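In terms of the numbering used here, the sequence shown is residues 8 to 195. Glycine included, each C-beta is placed from N, C-alpha and C at the ideal position. None of the values given here were measured: they were computed from a predicted structure.
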Amino acid sequence: MIELTSACQATADILAGVTDDQLALPTPCEKLRLDELIAHVGGLALAFAAAAAKDFGPMTDTPPVDGVQVDADWRTSYPQRLAGLAETWRDPDAWEGMTRAGGIDLPGEVAGSVALTEVVIHGWDVAAATGQPYDCDPATARACLEHLAQFDAAGTDGMFGPAVPVSDDASDLDKIVALSGRDPGWRA
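Written as structure tokens, this is what we have:
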């Protein structure tokens, strides 16, 4: 089991720092404006919580869709969703057996790693777009790096672009960002 609480709280804290006038900003996710990226975070929190609970249905069967708008209450509901996501993955049963996310069947332990990595990467995306600092604790970073190491550095269609080279002494967070196909030095 991996603890998601720290990453979910860090991302919720970043969301709290977003101002209304920033919602149309570009993000490191080239296809998504900030408001769309925030909507993606809100959606992935629900989808991966459903995956943890093995609550199969629309939340686990539907791939993410670009261009989704933020909910009107996103400032309160998305942090609550992130807290709920962390809570569902505290259950050891979430990590056992098979589950589904984005219409893809996968082992619970893989889904948990994907959820954690998504929260960290997109938390960093929002932070980079809004000029906020983002950090993750060593255990979270280690889990994300182990997960990302499984992917082809040339990129994985629909998930990550080609890994961006970074120095050996780069921070763990910069390595996570780079392995996901983003430039750790990206600024709006």
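For the beta strand (DSSP E) that contains residue i, what are its first and last residues?
{"i": "Thr163", "result": "Neither: Thr163 is in no beta strand (DSSP E) and is coded neither H nor E."}
Reducing DSSP to helix, strand and coil, say where residue i ends up.
{"i": "Pro191", "result": "coil"}
{"i": "Leu30", "result": "coil"}
{"i": "Pro172", "result": "coil"}
{"i": "Asp112", "result": "strand"}
{"i": "Thr106", "result": "strand"}
{"i": "Phe55", "result": "helix"}
{"i": "Arg88", "result": "helix"}
{"i": "Arg97", "result": "coil"}
Identify the continuous alpha helix (DSSP H) that holds residue i and give its terminal residues.
{"i": "Pro65", "result": "65-68"}
{"i": "Glu153", "result": "145-155"}
{"i": "Leu180", "result": "179-186"}
{"i": "Cys36", "result": "Counting along the chain, Cys36 falls outside any alpha helix (DSSP H), and DSSP gives it neither H nor E."}
{"i": "Asp80", "result": "Looking at the DSSP string, Asp80 is not in any alpha helix (DSSP H), and its letter there is neither H nor E."}
{"i": "Ile21", "result": "12-23"}
Give the C-beta separation of residue i and residue j to the nearest angstrom, bearing in mind that I take them to be a contact with Cβ-Cβ under 8 Å.
{"i": "Ile183", "j": "Cys151", "result": "5 Å"}
{"i": "Ala160", "j": "Ala170", "result": "4 Å"}
{"i": "His129", "j": "Val75", "result": "About 13 Å; that fails the 8 Å criterion."}
{"i": "Leu155", "j": "Ser178", "result": "So it is not a contact: roughly 14 Å between Cβ atoms."}
{"i": "Leu89", "j": "Cys15", "result": "4 Å"}
{"i": "Gly104", "j": "Ala56", "result": "The pair is not a contact, with the Cβ atoms about 16 Å apart (cut-off 8 Å)."}
Discussion item. Pairs of beta-carbons, one from the stretch 124-134 and one from the stretch 41-48, closer than 8 Å: are there three or more?
Written reply: yes
Discussion item. Taking contact to mean 3 or more Cβ pairs, one atom from each stretch, closer than 8 Å, check whether the stretch 10-29 and the stretch 135-150 are in contact.
Written reply: yes
Worksheet item: Is the number of C-beta pairs between the stretch 110-126 and the stretch 73-82 that are closer than 8 Å three or more?
Response: no
Practice prompt. Would you be able to state if there are at least three C-beta pairs under 8 Å between the stretch 63-73 and the stretch 24-31?
Written response: no
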